Each structure stands twice: as C-alpha cells, then as structure tokens.
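First residue of the sequence shown: 426, per the working numbering; consecutive thereafter.
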Amino acid sequence: PLPGFVTRFENWDQPGFDPTQRVAFDTPAFPLESDPIRSVCVLFENMADLAPAEEEFSAFLMDLAKILARGSDNLPVERLLTVADNVRGLHEQVAEGRLDFGQQQDQILHDLNLAYRLVYLAICDLKQ
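Written as structure tokens, this is what we have:
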C-alpha cells in the first residue's frame, strides 16, 4: 500500500460533477514511516487542536513534542522510551475514562495509540 488519501465524491453522478473542484492541500503529504518523529509531533498538535478546552493535556503533548524535536542529531533511546511511556500512560488514562474528551474520545485514543507505535518505529531507526 502507498501512503496518501482517496477522494470520494458524493455527486459523481450529477450533471455538474467536476472532480477538479475538490479540496487541495497546500503541501504534499509525507509518509508516516519516513519521518516518525515528525509524524508523532503532528499527531500531538492535532490532538491538542481536538481538545482546546483541555489546556493541561495540550500543554503536556506540546512538552512531549519539544522533547522529541529538541535540536539534537543524536536522539537517545532513553528519551524516546520516556515519551513512549508517557503516551502509553495518557492512553490508559483516556481509555479508563479518567480523561474524557466527549465526541473526540475515539479519535484521541486512536491518535495516542498511533503515536505510541510511531515512537517505537523511531527507536528502530536509531543508529547504534
């Protein structure tokens, strides 16, 4: 499979159908596996945007993103494991209902799970 997205048109059978009028993105998508650290940071930003009223949650995610994006070429395994443990802890808190995001609950759980997996993918990319 190739990373990307599929466009589905609801009005494909209408006389005025024009596939060129679809939504276009300003920048091309990047495959998640090509840059797992960046992908995790994007997920953190997206989750913070989904829950703007949860200031502590959003601030914590941004702190985790800073830990990952700290300007070091030599990212230690310990730092990634710390982030992974924190993401797993957040996932457990949300799954157990201690943090409630209402309608966004399932999306937050999904994104935390994906972030956790991507952190471990980043660990596999480290040069020893």
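We put the CB at the ideal spot given by N, CA and C, even for glycine.
Values in this document were obtained by computation on a predicted structure and should not be read as measured data.
Terminal residues of the alpha helix (DSSP H) in which residue i lies
i	result
G514	502–520
E481	480–494
D550	530–550
N471	461–475
Exposure label - residue i; buried when at least 16 CB within 10 Å
i	result
A478	exposed
F469	buried
L515	buried
V508	buried
P440	exposed
V502	exposed
L506	exposed
T445	exposed
Cβ separation of residue i and residue j, assumed to be a contact under 8 Å, to the nearest whole Å
i	j	result
S593	L543	Residue 593 lies beyond the stretch modelled for the chain, which goes from 426 to 553, so this question has no answer here.
Same chain, Cβ closer than 6 Å to residue i, neighbours up to 5 away in sequence not counted
i	result
R513	Y541
L427	Summary for L427: the model assigns pLDDT 47, below 50, so the residue's position carries little reliability; its value from the coordinates is reported in the next sentence. Nothing meets the Cβ criterion.
Same chain only: Cβ atoms within 8 Å of residue i, ignoring 5 sequence neighbours per side
i	result
C549	none
A490	V465, C466, F469, E470
I492	R504, T507, V508
Spatial neighbours of residue i in its chain, beta-carbon cut-off 7 Å, leaving aside the 5 residues before and after
i	result
M472	L486, I533, D536
Q529	L475, A476
A538	In the sequence under discussion, the amino acid at residue 538 is Asn, which differs from the Ala named in the question. Here the set comprises H516.
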